[in-house]
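A.B. asks:
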Amino acid sequence: MKRKNKLFVEKIKTFSEGKFGVSVRKLTILNEEAFILYIQELTDGKILSDSIIKPILQNGKDTMLTIDKIFSSVIYIDDISMDDDENKIEDYILKGKSIIILSNSEKYIIANTLKIEKRAVSAPQVETTLRGPRDSFTENMDTNLSLIRYRIKDPSLRMDNFVIGRRTKTNVAVVYIEDIANKKHVDEVKKRLDEIDIDGVLESGYIQKFILNNTFDLFPQAGIVEQSDTACQNILEGKLCIIVEGSNLALVVPKTFIEFLDTGDDHYENLYLAIFSKMLRFSALGIALTLSALYVAVVSFHSDILPPQYILAIATSRVTVPFNAFLEVIAMEFITEVLREASIRLPQQVGAAISIVGAIVIGQAAVAAGLISPLMVIIASLSMMCSFVAADYTIMNPIRILKFMMIFITGIFGIFGFTLGFTFIIINLCSQTSFGIPYFAPIAPFNFQDLKNYIFSDVNLERKRPKFLNTIDKTRK
Amino acid sequence: MIRKCSNLLIIFIASLMLTSCWDYGDIDKKSMTISIGIEQIGDKVQFSGELAKLTPSKEGTEKAQTAQIYHTVSYGKNFEDARIHNDVINPFPVFLGVTRVVVFGTNYAKKGIEPYLNRIGSIYDYRKNLLSVVSREKPKALLNIKVEKDISVGFLIENMINSLANSGKTLYPNIGELLSNIALGKVGYVIPYVGIEHDHIAYLGFAVMKDSKLVGMIDLVDTDGVLYLLAEKPRLVEAIPDPEKEENIYSFRTVIKKRKIKTNYIDKKVEINIDLDLYAALQYQYHVAPLSDKKIKKLEERISEKVKEDIGSIIKRAQKEFQCDIFQFARYFRAQHPNIYKKIKWEEAFKDAAVNVTVQTKIINKNLEDPNAKKKY
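Here the protein sequences line up with chains U and Y, keeping their order.
So the first sequence is numbered by full-length UniProt numbering: it starts at 1 and just counts up by one.
So the second sequence is numbered by full-length UniProt numbering: it starts at 1 and just counts up by one.
The structure is reproduced here in structure tokens:
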């Protein structure tokens, strides 16, 4: 027996003990022995028996089989390769491959018989749309890559693969178009991915955290994307899409603040509707952040800024409320946040119950009991509704937290505190970067052309790619 | 890092000490004063207040409850004294941010309203676009009238004057403008004059203020001349009888196309030249009759004459009866002849000023119903 064979046999023995969950199928071909190693849970049994075992047994009835012959003319698997490194056997098996070892050969065959339980491509759950296509990403990486490849049939489309996670060995792909995307961004993303050293990656959120500039940054620097068309749109713009095995949400980098408020619909719908929707979303973001704080400022500090009739209306609405405005706002915002959290966590069947309870408790009972003013209910509901307008919900998470910061600082300092808080937020936004790109671009630094293209969101008018991305191919049209 | 933090700390501490929660006070925990009346009673100042009574909406009703009203009266030998007496009768701190109107009683107005205007102008609590009016009746009586047309007397007066001013039928001088006139020194001004007519609060005309003291009134029917000169966009109705048939009256609505006031100083005498270009739109005739070009021309002349007379008579009244420049012609003169303005005594010069009024009217909408008219307008 050759030296390599001894090593293989040792491996087979180790696996046969069953500690690794590896199944060993022994075949006898004339006087030779063949071993097939695989993990049952990861292997498609039908492919294994029909495309590997059956042809080997049939062909080996009366002729001697060599490993090269099996490789080239016996088994029916499309994705096969050959190797001779006994140390890699374990890795291959864990990745769902089947290993074919012949007792007289120094090489072995790796056949891809991987079977993954995957769900079908379905409509987006997180990034819902009216006009856009419904084929959203799934947890299966191959499906996700195929969705992109099927939309962009460009030979320059690159899908660079990484394996991250010492134990999970999760596949991560960086997708971009080579002659569009800025090389600096590509290198930076690859560098940051290479530097990740962790035992496991379970969701794209892990990767997002690792590629952040600073763990304590509040605003997200990578966008999430669920719709394949939005991912392709970003790739065409010159961005990079990071697809993580096992996650139905891909990441898009670099991403600026205002791009979080952009949706696929804007690009597909009428120009005027796009402008209107953008304005609407920006106002909603402003309302979500400031309305409750402004209520505190107006009611408790600077009532004079409203016309007299408004002041009287507010005062009349608050007359039975035992709390001061600050506590009232905090209580109400707390309740709405609890409702939101509950509605996300609760099973679908009882989800409706929460909305009924919420509507009755807050909308009616609290007002009827005189604990909350009707105006406060309007403000809290409006503020909550406004926090759902962004297509990428991750941008609204910091807004929700900052809303409370604004309420606190306004409760202490009045309108001065409001201005102070707002200024801090703007400073923070202006001083951040996303992979070297100013986070507030194209507003600061200002670029009229980019801003115009962003607001119009019309492919017909968008002749150039965003200047701040500094793409290789700068023109779209 | 430490330096950065210390800067932040300084900002926060300074903010905390200068602004912050010391000023915190919910709006429903304030006594909201909607209108204030000031009158001189003997040697004391009387403050009458009209305050919003905040009551929750009635049980079982979905409709929001409008604010109800209660009244307060306080006296003092000066404003500060009266204010203290006012503060001690209210459940919450007095809030003047909702104050719509300040009503001066005639006694107080005769004594001079400047001190109170200065108080409004300088104290942070008041809105600076507050309306001030002079009341024929005592403010306390005026504010106590039961109003059904509006939330309260204050709202009623403010809304009334505001809507009239918007339609060019009166002036809405705010405190800032009055203080600016006072600062100019040599001019008078007019403020709306209100009173109770047949149990209703009504706008009666203008109160004429000289040195911020009440010196006379201009009746509602005589206010046209003032409005042609001072209102931003006067829109007045002129009823002109037919030149040939007196019983037929033409009702016109006039608007100013151009108003030009030029001053001169000739032979040590001030000359004020007022040029008015008017558009008059015929609204209707009492008896429909065809209009000829000749008649239109005549009507234009009649309107011009009428307006000229209105303006002339009110200026004459200002010169002779009130003896003060209530139209603030001084501003034009000062701008056009700054050196002479410094040398002369405007109060005296105005009394003897020669005033030339030229009015040109163009009837723009003839509202013709005559099918046989030769010319289409």
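Where is the CB? At the ideal position from N, CA and C, for every residue including glycine.
1) Using the C-alpha atoms, what's the distance from residue 331 of chain Y back to residue 264 of chain Y?
2) Along the chain, where does the alpha helix (DSSP H) that runs through residue 398 of chain U open and close?
3) Let me check one thing: in DSSP terms, what residues is residue 75 of chain Y bridge-paired to?
4) Can you give the beta carbon distance from residue 99 of chain Y to residue 127 of chain Y, rounded, assuming they're within the 8 Å contact cut?
5) Residues of the segment 219-231 of chain Y with a CB closer than 9 Å to any CB of chain U: list them in chain order, please.
6) For chain Y, check one thing: does any of its Cβ atoms lie closer than 9 Å to the Cβ of residue 426 of chain U?
7) For residue 404 of chain U, return the contacting residues in chain Y, with the cut-off set at a CB-CB distance below 7 Å.
8) Going by DSSP, name the residue or residues bridged to residue 132 of chain Y.
9) Can you name, in chain order, every residue of its own chain whose Cβ lies under 6 Å from the Cβ of residue 167 of chain U, other than the five neighbours on each side?
10) Counting along the chain, where does the beta strand (DSSP E) carrying residue 214 of chain Y start and finish?
11) Under 9 Å, Cβ to Cβ, is there at least one residue of chain Y near residue 311 of chain U?
12) Count the other CB atoms, across all protein chains shown, that sit within 10 Å of the CB of residue 61 of chain Y; report buried if there are 16 or more and exposed otherwise.
13) On the CB-based measure, 16 or more other CB atoms within 10 Å of its CB, does residue 221 of chain U come out buried or exposed?
14) Starting from residue 220 of chain U, trace the beta strand (DSSP E) in both directions and tell me its first and last residue.
15) So, helix, strand or coil for residue 41 of chain Y, using DSSP?
16) Taking only the alpha-carbon atoms, compute the straight-line gap between residue 140 of chain U and residue 175 of chain U and give it to the nearest angstrom.
17) So residue 256 of chain U and residue 434 of chain U are in contact, right, with Cβ under 8 Å, and what is the actual spacing, rounded?
18) Go through its chain and collect everything with a Cβ distance to residue 220 of chain Y's Cβ below 8 Å, but skip five positions before and after it.
19) Indicate whether residue 274 of chain U and residue 98 of chain U have their beta-carbon atoms separated by less than 9 Å.
20) Grab the span of the beta strand (DSSP E) containing residue 204 of chain Y for me, first residue to last.
21) Count Cβ pairs between the segment 435-452 of chain U and the segment 146-153 of chain U that sit closer than 8 Å; are there 3 or more?
22) Is there contact between the segment 235-254 of chain U and the segment 441-455 of chain U, where contact requires at least three CB pairs shorter than 8 Å?
23) At which residues does the alpha helix (DSSP H) containing residue 207 of chain U begin and terminate?
24) Note down the Cα distance separating residue 483 of chain U from residue 391 of chain U, rounded to an integer number of angstroms.
25) Leaving out five residues on either side along the sequence, give the residues of the same chain with a beta carbon under 6 Å from the beta carbon of residue 224 of chain Y.
26) Please check if any C-beta of chain U sits within less than 9 Å of the C-beta of residue 100 of chain Y.
27) Between residue 170 of chain Y and chain U, is the shortest Cβ-Cβ distance under 9 Å, so that the two count as touching?
28) Identify the contact partners of residue 14 of chain Y in chain C, using a Cβ-Cβ distance below 8 Å as the criterion.
29) Counting beta carbon pairs with one atom in the segment 270-290 of chain U and one in the segment 447-467 of chain U, are three or more of them shorter than 8 Å?
30) Which bits of chain U does residue 28 of chain Y rub up against, with CB to CB less than 7 Å?
31) So, using beta-carbon positions, are residue 116 of chain U and residue 193 of chain U closer together than 9 Å?
32) Could you check if residue 26 of chain U belongs to the surroundings of the ligand PLP, using beta carbon to heavy atom distance under 8 Å?
33) Could you check what DSSP says for residue 411 of chain Y in three-state terms: helix, strand or coil?
34) Using the rule of at least 16 other Cβ atoms within 10 Å of the residue's Cβ for burial, across every protein chain shown, is residue 346 of chain U buried or exposed?
35) Out of U:52, U:90, U:62 and U:92, point me to the one whose CA is closest to residue 73 of chain U's CA.
36) Can you look up residue 226 of chain Y in the DSSP assignment and give me helix, strand or coil?
C.D. replies: With the structure as the only source:
1) Approximately 13 Å between the Cα atoms of the pair.
2) 396-413
3) Y:46
4) 7 Å
5) Of all residues in the segment 219-231 of chain Y, none comes within less than 9 Å of chain U when Cβ atoms are compared.
6) Chain Y, which has no Cβ nearer than 9 Å to the Cβ of residue 426 of chain U, makes this no.
7) In chain order: nothing, as chain Y lies at least about 17 Å away.
8) Y:102
9) For residue 167 of chain U, where only same-chain residues beyond five positions count, the Cβ hits under 6 Å are 199 and 200.
10) 213-219
11) For residue 311 of chain U, the nearest CB of chain Y lies under 9 Å from its own CB, placing it at the interface with that chain.
12) Since pLDDT at residue 61 of chain Y reaches only 48, below the 50 mark, its modelled position is unreliable, and the value read off the structure follows with that caveat. Under this definition residue 61 of chain Y is an exposed residue.
13) Flag for residue 221 of chain U reads buried.
14) First-last for residue 220 of chain U: undefined, no H or E at that position.
15) strand
16) 15 Å
17) Taking the Cβ atoms as the reference, residue 256 of chain U lies roughly 6 Å from residue 434 of chain U, within the contact range of under 8 Å.
18) 203, 204 and 205
19) Taking 9 Å as the Cβ cut-off, residue 274 of chain U and residue 98 of chain U do not qualify as a contacting pair.
20) That run of the beta strand (DSSP E) goes 200-210.
21) no
22) no
23) 204-210
24) One cannot answer for residue 483 of chain U here, as it falls past the ends of chain U, which runs 1 to 477.
25) 236 and 310
26) yes
27) no
28) No chain C is present in this structure, whose protein chains are U and Y.
29) yes
30) The answer, in chain order, is 315, 318 and 319.
31) no
32) Ligands are entirely absent from the displayed structure, and the ligand PLP is therefore not among its contents.
33) Given a span of 1 to 377 for chain Y in the structure shown, any question on residue 411 of chain Y remains unanswerable.
34) exposed
35) U:52
36) helix
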